[in-house]
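Just so you know, the sequences run in chain order A and B. So for the first sequence, the numbering used here puts the first residue at 1; every next one is plus one. So for the second sequence, the numbering used here puts the first residue at 1001; every next one is plus one. The structure under discussion appears below in the form of structure tokens.
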Amino acid sequence: MRQIKYAQAIAEALDEILGEDERVTLIGAGFVGLTPSGVFLNPVREKYASRIKYPPIAELAYCGIGIGAAMAGLRPIIELSTATFSYEAIPQIVNEAAIACSNSAGQTSVPIVFHMLYGIRGAGAVQHSGSPQAWYWNTPGLQVAMPGTPADVKGLMRWAALKSRNPTVFLNHQKLMETEGDVPEGPYDVEFGQADVAREGSDVTIVATSIQVPRSLQAAETLAREAGISAEVVNVRTLQPLDKATILASVRKTGRVVVTDESHDNCGVAAGLAAIIADEGYDLLKAPIRRVSIPPVPIPYASSMEEFVTPSPERIVATVRQLVGGR
Amino acid sequence: MASPLTPEQSVDLLRTMLRMRRVEEQVMHFGEEHEGLLRGHYHVYVGQEAAGAAATAALGPDDYIWTTHRNHGHVIARGGDMGRTLAEIIGRADGYCKGRAGTFHVAIPDKGILHTSAIVGGCLPLAAGAAYAAKVKRTGQVSLVFFGDGAMEEGVFYETINMAQLWRLPVIFYMENNAVSPGERPGRGSPTSEHAATALSDVPRAFNVETRVVDGTDADAVYQTVSDFVARGRSGEGPYFVESRTTRWPGNYGSFPRLVGGDTDIAWTWAPENAPEAVRAWEQESDPVLLLARKLLAQGTLTRDALVELDRQVREEAAAAAQFALNSPLPAPESVFEFAYA
């Protein structure tokens, strides 16, 4: 299969989505951030210029406008750029989009995608390195997508934009943009709620979101080579809906779990996943569940501190070795 | 001014306004006489009936309407069934939203009220968004959003009106300034909310949004103004801003509304001096329902007997609606798991 960059997969997805359904409208068109991969977006921006609106710096209003448009029959994709900018729009995303279906007893649906770039991107410092996935996962009514591979981002984006009937917070990590992977030609869906076993193993399960998927695969490689530990990597893909069955099936196989996500430890995504595994899979566990995420501190500018808090492959390796014990 | 409405339309409008009034009276009876029925705060639309009814009457069936925590009147104006509306207000299974919305968030999507936000200013960008969808799809639909003067204290108002004007969206911002003294209603007046602007209508004008100030107790003036804007909105023009000035009903002070003068007596139309002291001046000068009733009597559109009969019918409907709501069961507890996702 051909290999393309993550950012290229996003551009392909947008091209296909816009071509397929006239109801899709874009508000903002950044998508890949300030990366060299911006060039992949240029043909889409030109081809569909009339379907793309560039809003003023008004996240609250343009998210609300997208939500209202979705209620009235469009399928908007809102590109917020840096995920922390979505904090300006929390009243509309959390307190309008997420609750409208429930409030109306299912009569009103909000098929919208809020796309944003989260995480420690390098020199983002305290205001441009945010990871809001736990907040959004803690908001019933929202769907949360966290792809980690080029193939997944393309298929998940298409499903969110064309098939979903609910509001989706779509989190991409900027450091994934330049990564490469196998991507099928032509349009295809990756339906939400289906985790993927990215690597099979027998000693330990690493449950990973987004950029933690390639980091975990790298860690699994190191563990196999240096310690003879066989790690299975489960790519969560979407937090809501969550494929608990695939995660628990892996835990049943290995009996040991490390959960890794690039948000903070306290009430973070890794904490939430660990709680679910403990609730529903306690009898399957041979050892306590461990987390690899970010300590509860704001993300500083200096590269030394930034690297220290990043849930890196090295930290995953160290945590697994400690968990599996003596190897 | 000559009425833009036919005599039949005027009588229909009065019937709608009476329904709005009688439903709110039932709500306050629920609040005052049924322990534990309305368990929290609630807001009523008494005193703004002409604005809600006439602005809504100027819209077509496919247009969008957005409202607020003070939504009961707008919902009835849009043709909401009184029984299902009252059932929703007290969170019952037969309510329009199956008891999920309650008094603050009544929505009737199939009548163009897609979602109701009780967050001040919450529906402003949603209304602009529905207008954006109409513009993209070239449907000719118009989106009208009711909101109070307090929403102009919120940042979302400024972001939204800026974008609506930049993108020329067919949205009508219908601001209900509901605490203006009778003498100031037709004039410039000053903001009643905590606001630095000399007049709230100066604000949209600064964004180059066409703006009109109307006496919100004058059904004809409201209907004329909104009809003009709707006609132009159909051809893709907009946005527009209306400041609708009404005078606060004396029962509308304090944390909870109170029926300080009892139910409105239709005889106050011709004998307002018989109204209790607490509401007498308001019934004389500022009650939009009685102002329209007086006008229709004076014009000979309605006889006194016909007015009394009309009111009797509406009171009977409202009483039956209240009984329907009270008889409706609470939703099954487990139904909480339905509808979180479509």
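Where is the CB? At the ideal position from N, CA and C, for every residue including glycine.
Inset, instruction - Using the Cα positions of A:L117 and B:R1138, report the straight-line distance between them to the nearest angstrom. - result: 33 Å
Legend entry - Own chain, CB closer than 6 Å to A:S86, minus 5 neighbours either side, in chain order: L80 and M116
Legend entry - Ordered list of alpha helix (DSSP H) runs contained in the segment 1241-1293 of chain B, each at least 4 residues: 1277-1285
Legend entry - Bridge partner(s) assigned by DSSP for B:M1175: B:F1147 and B:E1243
Legend entry - The beta strand (DSSP E) enclosing A:A208, as first and last residue numbers: V204 to A208 is the extent of the beta strand (DSSP E) around A:A208.
Legend entry - Terminal residues of the beta strand (DSSP E) in which A:M116 lies: V113 to Y118
Inset, instruction - Could you tell me whether the Cβ of B:L1200 comes closer than 8 Å to any Cβ of chain A? - result: Not an interface residue.
Legend entry - Option in B:R1248, B:A1306, B:I1089 and B:P1170 with minimal Cα separation from B:F1229: Per the Cα distances, B:P1170.
Legend entry - Buried versus exposed call for A:G28 [16 or more other C-beta atoms within 10 Å across all chains shown]: buried
Legend entry - Neighbourhood of A:I206 by C-beta distance below 6 Å, restricted to the same chain and skipping five residues each side: S216, A231, V233 and V258
Legend entry - Close Cβ partners of A:R252 (< 8 Å) along its chain, the five nearest in sequence each way excluded: G281 and L284
Legend entry - Cα-Cα separation between A:V94 and A:G64, rounded to whole angstroms: 11 Å
Legend entry - Selected residue, minimal CA-CA separation from A:E178, among A:L156, A:T149, A:E185 and A:G73: Distances from the alpha-carbon of A:E178 to those of A:L156, A:T149, A:E185 and A:G73 put A:T149 closest.
Inset, instruction - Could you work out which residue in B:G1099, B:T1056, B:N1071 and B:S1235 is closest to B:Q1009 when comparing CA atoms only? - result: B:T1056
Legend entry - Interface partners of B:M1163 on chain A, CB under 8 Å: P55, P56, A58, A61, Y62 and I65
Inset, instruction - Flag this pair as touching only if the segment 1085-1095 of chain B and the segment 1313-1332 of chain B have three or more C-beta atom pairs under 8 Å; answer yes or no. - result: Look at the beta carbons and you see the segment 1085-1095 of chain B touching the segment 1313-1332 of chain B: at least three pairs across the two are nearer than 8 Å.
Inset, instruction - Have a look at A:F308 and A:A123 and give me their C-alpha separation to the nearest angstrom. - result: 13 Å
Legend entry - Beta-bridge pairing of B:V1156 - partner residues as DSSP gives them: According to DSSP, which records beta bridges pairwise, B:V1156 is partnered with nothing at all.
Inset, instruction - Would you verify that the beta carbon of B:T1269 is, or is not, closer than 8 Å to some beta carbon of chain A? - result: no
Inset, instruction - Identify every run of the beta strand (DSSP E) within the segment 45-123 of chain A, keeping only runs that are complete inside it and at least 3 residues long; order them along the chain. - result: 75-82 and 113-118
Legend entry - Assigned exposure category for B:E1243 - 16 Cβ within 10 Å defines buried: buried
Legend entry - CB contact below 8 Å: B:R1382 versus chain A: In this structure chain B extends from 1001 to 1342, so residue 1382 of chain B is not present and cannot be described.
Legend entry - Proximity test, Cβ basis, 8 Å: A:T84 and chain B: With a threshold of 8 Å between beta carbons, A:T84 makes no contact with chain B.
Inset, instruction - Return the CA-CA distance between A:P298 and A:G119, expressed in angstroms with no decimal places. - result: 12 Å
Inset, instruction - Can you grab the Cα-Cα spacing for the pair B:A1131 / B:V1203, in whole Å? - result: Here the C-alpha atom of B:A1131 lies approximately 21 Å from the C-alpha atom of B:V1203.
Inset, instruction - Could you tell me which of A:A83, A:S304 and A:A13 sits nearest to A:V153, measuring between CA atoms? - result: A:A13
Inset, instruction - Counting only runs of 3+ residues fully inside the segment 1034-1069 of chain B, write out the beta strand (DSSP E) ranges in chain order. - result: DSSP runs (the beta strand (DSSP E)) wholly in the segment 1034-1069 of chain B: 1064-1066.
Legend entry - Below-8 Å beta-carbon distance, A:L26 vs any chain B residue: No, no contact with chain B.
Legend entry - Nearest candidate by alpha-carbon position, reference B:E1194, set B:V1214, B:L1166, B:E1153 and B:M1163: Among B:V1214, B:L1166, B:E1153 and B:M1163, the Cα nearest to that of B:E1194 belongs to B:E1153.
Legend entry - Unbroken alpha helix (DSSP H) run spanning B:K1111, endpoints: Unbroken run through B:K1111: none, as it is neither H nor E.
Inset, instruction - Anything in chain B within Cβ reach of A:M305, meaning under 8 Å, just list it in chain order. - result: The premise fails here: A:M305 is roughly 34 Å from chain B at the closest Cβ pair, so nothing lies under 8 Å.
Inset, instruction - Establish whether the CB of A:E191 and some CB of chain B are separated by less than 8 Å. - result: no
Inset, instruction - Please confirm if B:L1292 has its CB atom under 8 Å from at least one CB of chain A. - result: no
Inset, instruction - Identify the contact partners of B:R1100 in chain A, using a Cβ-Cβ distance below 8 Å as the criterion. - result: S102, N103, S104 and A105
Inset, instruction - Apply the 10 Å Cβ neighbour rule to A:L18 and answer buried if 16 or more other Cβ atoms are within range, or exposed otherwise. - result: Around the beta carbon of A:L18, 16 or more other beta carbons lie within 10 angstroms, which makes this residue buried.
Inset, instruction - Starting from the beta carbon of B:E1159, find every residue of chain A whose beta carbon is closer than 7 Å, and list them in chain order. - result: A58, L60 and A61
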